[in-house]
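These notes concern the structure reproduced below.
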Amino acid sequence: MPLYMLRVLIKKLVFLYTVCKFGTKVCCTRPPYTFVDRTYHFFYNISMYEEFVRSAAYWGADAMQKLYSAKIALFGVGGVGGWCAEALARSGVGNIDLFDGDCVSLSNINRQAVALHSTIGMPKAEVMAARIRDVNPAANVRAFNIFIDESSISAVRFEQYDYVLDAIDTVTSKVLIAERCVKEGVREVMCMGTGNKKDITSFRVADISKTSVCPLARAVRTLLRKRGIESGIKAVFSTELPAKNLVEDGPSSRHIPASIIFAPAAAGLIMAQTAVTDIIEKN
105 MPLYMLRVLI KKLVFLYTVC KFGTKVCCTR PPYTFVDRTY HFFYNISMYE
155 EFVRSAAYWG ADAMQKLYSA KIALFGVGGV GGWCAEALAR SGVGNIDLFD
205 GDCVSLSNIN RQAVALHSTI GMPKAEVMAA RIRDVNPAAN VRAFNIFIDE
255 SSISAVRFEQ YDYVLDAIDT VTSKVLIAER CVKEGVREVM CMGTGNKKDI
305 TSFRVADISK TSVCPLARAV RTLLRKRGIE SGIKAVFSTE LPAKNLVEDG
355 PSSRHIPASI IFAPAAAGLI MAQTAVTDII EKN
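For the sequence shown, the positions run 105 to 387 when our numbering is used.
Here you go:
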């Protein structure tokens, strides 16, 4: 057992002994717990260690238990998804599956949480999974190095998730994920375009049917309507008009939008905040 875990265990044992012997009034101002309640919270707090003490002070122990028990799928671990994963991990989410078939490149360093000179060439999903385990060793994290398309999505069991987060920038993949979430009754939040944008105050969270300005959102809405889906999916989108800057994407010779850290990072944090809040507030 690591030394820091042993220290936490000793402190918790002392706390439990004090509560059981003298009652809760010497330790807190909440109503007295039964012995079962005390034991439950003791063992739960052991699983949290001390990393999430301040989160528990804000959300409460019951909310933290919900997050620790929740199972989330995150599709895309790039500019938006990397920061989203970071926030999920630091919020105490206990089960996270990461899906991304891409590897870290030098051009990712200006904006992606997974991109360091030491991670160039490594699969993004695996890099992020290792980072999450370093943040929270108690988390159950799995990395899937796959792109989501018609041939691969059938392998994903959406019904096992409490929440799905879509940070992919491919329209067809976003529609496939949304369609499966609607079919399985799984809550989802998807992110719209963040390229050529910088104003973090322009982001909004709304039903997909209420999105505006964003060209990616318009394309997604159009394809979803063709599949009979008009609403029921949350979307993070920006009301900022995108700039018209393009950059050539290396060997592929595609021209893609320019991107800086502010918009994708903000969108990722908003996605995580939306999912965390929904999970906690669910009855």
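Glycine residues also receive a C-beta, built at the ideal position from the N, C-alpha and C atoms. All figures in this text were calculated on a predicted structure; none of them were measured in a lab.
Inset, instruction - Provide the residue span of the alpha helix (DSSP H) that contains C295, from first to last. - result: No alpha helix (DSSP H) contains C295, which is instead part of the beta strand (DSSP E) from 291-295.
Inset, instruction - Note down the Cα distance separating K170 from V351, rounded to an integer number of angstroms. - result: One C-alpha to the other measures close to 43 Å.
Legend entry - Distance, V380 Cα to N349 Cα: Spanning the two alpha carbons is a distance of roughly 34 Å.
Legend entry - Same chain only: Cβ atoms within 6 Å of V260, ignoring 5 sequence neighbours per side: Answer for V260: no residue qualifies.
Inset, instruction - Go through its chain and collect everything with a Cβ distance to D266's Cβ below 7 Å, but skip five positions before and after it. - result: Within its own chain, the residues whose Cβ lies closer than 7 Å to the Cβ of D266, once the five positions on either side in sequence are excluded, are A174, K175, I176, I383, listed in chain order.
Inset, instruction - Pull up the DSSP beta-bridge partners for D201, would you. - result: BP columns for D201 point to A177, R246.
Inset, instruction - Ignore the nearest five residues each way along the sequence and tell me which others in T133's own chain have a CB closer than 6 Å to its CB. - result: Residue confidence for T133 is low, a pLDDT of 34 falling below 50, so the modelled location carries little weight; the figure read from the coordinates is stated next. Hits under 6 Å: none found.
Inset, instruction - Just mark D238 as buried or exposed, buried being the case when its beta carbon has 16 or more other beta carbons within 10 Å. - result: Exposed, because fewer than 16 other Cβ atoms sit within 10 Å of the Cβ of D238.
Legend entry - Runs of beta strand (DSSP E) lying entirely within the segment 220-282, each at least 3 residues, in chain order: The qualifying runs are 244-248, 267-270.
Legend entry - Residue from A370, D303, Q264, N240 with nearest C-alpha to E288: For E288, the closest of A370, D303, Q264, N240 by C-alpha to C-alpha distance is Q264.
Legend entry - 8 Å Cβ shell around V317 - same chain, five flanking residues per side excluded: The answer, listed in chain order, is F341, S342, T343, E344, L345.
Inset, instruction - Have a look at I236 and M375 and give me their C-alpha separation to the nearest angstrom. - result: Cα to Cα, the separation comes out at about 17 Å.
Legend entry - Which of helix, strand or coil DSSP assigns to A339: In the three-state reduction of the DSSP assignment, A339 falls in the strand class, which pools E and B.
Legend entry - Closest by C-alpha distance to G336, when choosing among L320, F366, A247, E292: Ranking the options by Cα distance to G336, first place goes to E292.
Inset, instruction - Evaluate P135 with the Cβ neighbour count: other Cβ atoms within 10 Å of its Cβ, from every protein chain shown; 16 or more gives buried, anything less gives exposed. - result: Only weak support exists for where P135 lies, its pLDDT of 39 falling under 50; the value from the coordinates is given anyway. P135 should be labelled exposed.
Legend entry - Cβ-heavy atom distance, I281 to the ligand PLP, below 7 Å: What this structure holds is no ligand at all, so the ligand PLP is not there to describe.
Legend entry - Neighbourhood of S256 by C-beta distance below 7 Å, restricted to the same chain and skipping five residues each side: Taken in chain order, the residues that qualify are I250.
Legend entry - Status (buried if at least 16 other CB within 10 Å, exposed otherwise) for A347: Here A347 is exposed, its C-beta having fewer than 16 other C-beta atoms within 10 Å.
Inset, instruction - Please name the residue or residues paired with I360 in a DSSP beta bridge. - result: According to DSSP, which records beta bridges pairwise, I360 is partnered with V351.
Inset, instruction - Would you kindly check if the distance between the Cβ of V268 and the Cβ of C285 is under 8 Å? - result: With contacts defined as CB atoms closer than 8 Å, C285 and V268 qualify as a contacting pair.
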